[in-house]
Each structure stands twice: as C-alpha cells, then as structure tokens.
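In full-length UniProt numbering, the protein residues as written are 1 to 202.
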C-alpha cells in the first residue's frame, strides 16, 4: 500500500543550517518491517485536542493549555496498544514535550513510568525556522543533537510532541533515520493515524 503522506525529506546539518533533498517513498508494510528491525526515531504528534485557544500558557497548569479530548485519548490508547501488541522494539523512556497534551498521550500509550519530559521538544518549531537569540539557538542545537542520536541496537526511539516537519495530523507519525556518525538524519516518511491502525494486518 502506498503511503499517502509521502513527504520524504533528508536533512543534512552544517553549522545548524538545513540542506534538503527528497527521499523515495516506502509502502506502509515495508516501513513496518523496517521499523521492526530497529534503528529509527518515531516522532508522534499528540492525540486530538479540544477546540480551544491557548493564551497565557503555564506549563505547570494543564487548565491553561489545549488538552486532549475523548477521541484524542482513545487515539493514544489504540496506538499504544498496537505498538505493544506488535512488539515494536522501543527504547525507553519515551520522550515528550512538557505540554500536558503530549505528556498525557505518552502516559496513555506507554504508561506514566515509561515517559520522560524533554523541554526542548516543546519548541520543535525551532528546527524549521531561523532563531534570533542565543537561548533559542541552544534549544535548536539540542534538538538537532536529539534527532541525530542513534537508538540502542535493535531499538527505536519514540518522541511525542507537536506538529512539525511540514505538518502532521493528530496522532500521526514521522519516521526518521539518524545518519552515520550521528552527523545527519533522514525524514524517511510520514504515517497518519489510520495507516498506523493498519499495522496489525501485516
């Protein structure tokens, strides 16, 4: 089955600047088989949220944030169960951004004991734009290093954060491959929620 979200991009970092080339597509089934061998970063967007506007966000208070709705919680539960049932090799802890909607997605999908907050993931947008302060550049550099870091042998890293890499639907996934010597990473493909739900059929 041809992956419907097939924006394949390769990022090569030189002094924190991106050079982009396009990669070939993967079928959903072939992609699943490759992930089972380990060596990937699985970047998930959080589940569906309430239709509310965020203002004056306090990361210590969920009531100031846009949080998961009932369908978003169900999405997280289903994806977590699929990954568990299919025995995808995952390196724990799973990293989430500090926002409540990403933390809750991780807790539902993988268990509260298996997640760890990474504050830099809350500013994933820095990867896709120029930054203007030294503080922002530090966060961007930290993110680059995070995505360049190889998983443990035979495992996949899982990050849960926000829409990035050109846009991700709720509970969608971007599959990334860290490059040789940790110097590059590839955005291999995107997989939406409905395609993830097909994985038990393989």
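Backbone N, C-alpha and C fix where the C-beta goes; we use that ideal spot for every residue, glycine too.
Counting of Cβ neighbours within 10 angstroms places residue 104 among the buried residues, the total reaching 16 or more. Residue environment: residue 200 is assigned as exposed (fewer than 16 neighbouring CB atoms within 10 Å of its CB, all protein chains considered).
When the five nearest sequence neighbours on each side are left out, the beta carbons in the same chain lying within less than 6 Å of the beta carbon of residue 62 are those of 100, in order along the chain. If you draw a 10 Å sphere on the C-beta of residue 145, you find fewer than 16 other C-beta atoms in it, and that means exposed. Around the beta carbon of residue 71, fewer than 16 other beta carbons sit within 10 angstroms, so the residue counts as exposed. DSSP places residue 134 in the helix class (H, G or I) of the three-state scheme.
Counting other Cβ atoms within 10 Å of its Cβ, residue 80 reaches 16 or more and is therefore classed as buried. Under DSSP, residue 190 forms a beta bridge with 174. In the DSSP secondary-structure assignment, residue 96 is bridged to 117 and 160. Going by beta carbons, residue 142 and residue 41 fall outside the 8 Å limit. Across the structure, residue 30 and residue 123 are spaced so that their CA atoms are roughly 31 Å apart. Counting C-beta pairs closer than 8 Å gives three or more between the stretch 39-53 and the stretch 175-194, which meets the contact rule.
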